[in-house]
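Colleague: Heads up: the first sequence runs through residues 212 to 482, numbered per this note's numbering.
Built from N, CA and C at the ideal position, the CB exists for glycine as well.
For reference, the structure I am asking about is given below.
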Amino acid sequence: MQVEVGRERVVRRTSREELIAGLTDTVVEAAERRGKYLLLPLDSGEAAMIHLRMSGQVLVAPPGALRPPHTHVVMHLDPAGADSARDVRHADDVGGSELWFVDPRTFGEVVVFDPQRAHRLLPELARLGVDPIADDFGVDDLRQAFGATRRVLKPLLLDQHVIAGIGNIYADEILHRARLRPDRPADTLDRRRLSVLRDSIVDVLTEAIDAGGSTLGDAQYVDLMGHSGSYQDDHRVYGRGGERCLTCGRGWVRRVVTGGRSTSFCPVCQR
DNA sequence: AAACAAACCTGTGCGC
DNA sequence: TGCGCACAGGTTTGTT
Numbered sequence: 212m213q214v215e216v217g218r219e220r221v222v223r224r225t226s227r228e229e230l231i232a233g234l235t236d237t238v239v240e241a242a243e244r245r246g247k248y249l250l251l252p253l254d255s256g257e258a259a260m261i262h263l264r265m266s267g268q269v270l271v272a273p274p275g276a277l278r279p280p281h282t283h284v285v286m287h288l289d290p291a292g293a294d295s296a297r298d299v300r301h302a303d304d305v306g307g308s309e310l311w312f313v314d315p316r317t318f319g320e321v322v323v324f325d326p327q328r329a330h331r332l333l334p335e336l337a338r339l340g341v342d343p344i345a346d347d348f349g350v351d352d353l354r355q356a357f358g359a360t361r362r363v364l365k366p367l368l369l370d371q372h373v374i375a376g377i378g379n380i381y382a383d384e385i386l387h388r389a390r391l392r393p394d395r396p397a398d399t400l401d402r403r404r405l406s407v408l409r410d411s412i413v414d415v416l417t418e419a420i421d422a423g424g425s426t427l428g429d430a431q432y433v434d435l436m437g438h439s440g441s442y443q444d445d446h447r448v449y450g451r452g453g454e455r456c457l458t459c460g461r462g463w464v465r466r467v468v469t470g471g472r473s474t475s476f477c478p479v480c481q482r
């Protein structure tokens, strides 16, 4: 593939030149994920890492399509080669397309790194906690992380070093599903409640993924094809501050700030 | 150890 | 219509 890089800020760990050199004439062999880190192994032995942070998007588009504002990286994917073993085209074949990294707030980033030496450019990758979707994730994982800390649940769920992949929307939805207050200390949970929390984490994330994610009013989160998700329609507390609780029908959803993040919960059915 | 604030940016929606 | 302000999906860093 050939590569263009606009704003250098999105490759701040290295440089525009290093990103272009690392991607040019390579083949993306897979698309993987650890927590919120998107990983693309390359046939060069290196891998690309993309993090969307708050406002990033990865989009696939026809060659030459009009690029939206804040398109910072463009990868020109090669057509599936006639020399490939069986010139099979799949429904998700994106050969010949462009892959865009778009990010108005430029909190997101793109970098090419050596997976054998990830600690050099991406030290936080090795420090990510258990991934509830990609890894085996049982109540014992939670007991280890939550059993002996006075930290409260909401910031703990958001801590990527403890559990990787939960963001602000899903932390609130998970705690509501588990009927637990966001400000409850983790070490007050017995094994039964830890088990409910474990199931809530897996169920909320799985349902959200199946629904294509949460696309809020500004339509920032969309999938590779630009399609919106529908999980926002299933939010029971996030974005519902001041409304009657959909679950118990008795409490009013409260919106507070915990750890600098907006947090919504029902004080009646979450304990 | 853990809670908190600030920093990094741009866009949007609101009240006036 | 225009302006200023609050706020937004995340993470790191520094301060109490």
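Would you identify the three-state DSSP class for Ile-374, choosing helix, strand or coil?
Modeller: Correct three-state label for Ile-374: strand.
Colleague: Residues in the same chain with beta-carbon distance under 8 Å from Ile-420, minus the five sequence neighbours each way, listed in chain order, please.
Modeller: So the list reads Ile-344, once near-sequence residues are dropped.
Colleague: Just to confirm my understanding: we take Pro-274, look at its own chain, exclude 5 residues before and 5 after, and list those with CB closer than 8 Å. What are they?
Modeller: Closer than 8 Å at the Cβ level, and outside the excluded window around Pro-274, lie His-287, Gly-307, Ser-308 and Glu-309.
Colleague: Ile-261 to Ala-242, Cα distance in whole Å?
Modeller: C-alpha separation (whole angstroms): 11 Å.
Colleague: How would you label His-387, buried or exposed, when you count the other beta carbons within 10 angstroms and need 16 or more for buried?
Modeller: Buried, since its Cβ has 16 or more Cβ neighbours within 10 Å.
Colleague: Can you grab the Cα-Cα spacing for the pair Met-212 / Thr-237, in whole Å?
Modeller: Distance between the alpha carbons of Met-212 and Thr-237 is about 6 Å.
Colleague: Under a three-way DSSP split, which group does Ala-272 fall into?
Modeller: Residue state, collapsed to three classes: strand.
Colleague: Among Thr-426, Val-373, Ser-439 and Asp-346, whose alpha-carbon lies nearest the alpha-carbon of Thr-360?
Modeller: Of the candidates Thr-426, Val-373, Ser-439 and Asp-346, the one whose C-alpha sits nearest the C-alpha of Thr-360 is Val-373.
Colleague: Pair every Cβ in the stretch 220–235 with every Cβ in the stretch 322–335, then say whether three or more of these pairs are closer than 8 Å.
Modeller: Counting Cβ pairs under 8 Å, three or more are found: they touch.
Colleague: Do you know how far the Cα of Phe-348 is from the Cα of Ala-356?
Modeller: Rounded to the nearest angstrom, the two C-alpha atoms are 12 Å apart.
Colleague: Just confirm the distance between the C-beta atoms of Arg-409 and Val-350, as a whole number of angstroms; I'd bet it's less than 8 Å.
Modeller: The Cβ separation is near 5 Å, so the contact holds.
Colleague: Quick one: residues in its chain with C-beta nearer than 8 Å to the C-beta of Glu-257, no 5 flanking neighbours on either side, listed in chain order?
Modeller: Once the five neighbours on either side are set aside, the close Cβ partners of Glu-257 are Gly-233, Thr-237, Val-323, Phe-324, Asp-325 and Pro-326.
Colleague: Apart from the five residues on each side of it in sequence, which residues of its chain come closer than 7 Å, Cβ to Cβ, to Tyr-381?
Modeller: These residues qualify, in order along the chain: Val-415, Leu-416 and Ala-419.
Colleague: Give the secondary structure of Leu-333 by DSSP, where H, G and I count as helix, E and B as strand, and everything else as coil.
Modeller: DSSP places Leu-333 in coil when its eight states are reduced to three.
Colleague: Grab me the residues of Leu-270's own chain with a C-beta within less than 7 Å of its C-beta, minus the 5 sequence neighbours each way, in chain order.
Modeller: So the list reads Trp-311, Val-313, Leu-435 and Gly-437, once near-sequence residues are dropped.
Colleague: Taking all protein chains shown into account, decide if His-330 is buried (16 or more other Cβ within 10 angstroms of its Cβ) or exposed.
Modeller: Looking at its Cβ environment, which holds fewer than 16 other Cβ atoms inside 10 Å, His-330 is exposed.
Colleague: What's the gap between the Cα of Arg-392 and the Cα of Asp-289?
Modeller: So the alpha carbons of these two residues sit roughly 50 Å apart.
Colleague: Take the Cβ of Asp-176 as the centre, count every other Cβ of all protein chains shown within 10 Å, and call the residue buried at 16 or more, exposed below.
Modeller: Within the shown structure, residues of the chain are numbered from 212 to 482, placing residue 176 beyond reach of any answer.
Colleague: Could you check what DSSP says for Glu-309 in three-state terms: helix, strand or coil?
Modeller: Strand.
Colleague: Is Ser-226 helix, strand or coil when you go by DSSP?
Modeller: DSSP places Ser-226 in coil when its eight states are reduced to three.
Colleague: For Arg-297, which of helix, strand or coil comes out of DSSP?
Modeller: For Arg-297, the predicted model reports a pLDDT of 48, less than 50, meaning its position is unreliable and no value from the coordinates is stated.
Colleague: Since Ala-382 is in the beta strand (DSSP E), which residue starts that stretch and which ends it?
Modeller: Unbroken run through Ala-382 is the alpha helix (DSSP H), 379–388; no beta strand (DSSP E).
Colleague: Over the uninterrupted beta strand (DSSP E) stretch that includes Ile-261, give me the two end residues.
Modeller: Here the beta strand (DSSP E) through Ile-261 covers 258–262.
Colleague: When we look at the beta-carbon of Ala-293 and count the other beta-carbons within 10 Å, is it buried (16 or more) or exposed?
Modeller: In this predicted model, Ala-293 has a pLDDT of only 49, less than 50, meaning its place in the structure is not dependable; the value taken from the coordinates is given anyway. Exposed is the call here.
Colleague: Taking the C-alpha atoms as reference points, what is the distance between Arg-220 and Arg-278?
Modeller: Arg-220 and Arg-278: Cα-Cα distance of roughly 18 Å.
Colleague: Out of Gly-452, Gly-376, Val-468 and Gly-267, which has the shortest C-alpha to C-alpha gap to Ala-430?
Modeller: Per the Cα distances, Gly-267.
Colleague: Measure the beta-carbon distance from Thr-469 to Pro-366 and round it to whole angstroms, keeping in mind my assumption that it falls under 8 Å.
Modeller: With 8 Å as the limit, Thr-469 and Pro-366 qualify as a contact, their Cβ atoms being about 6 Å apart.
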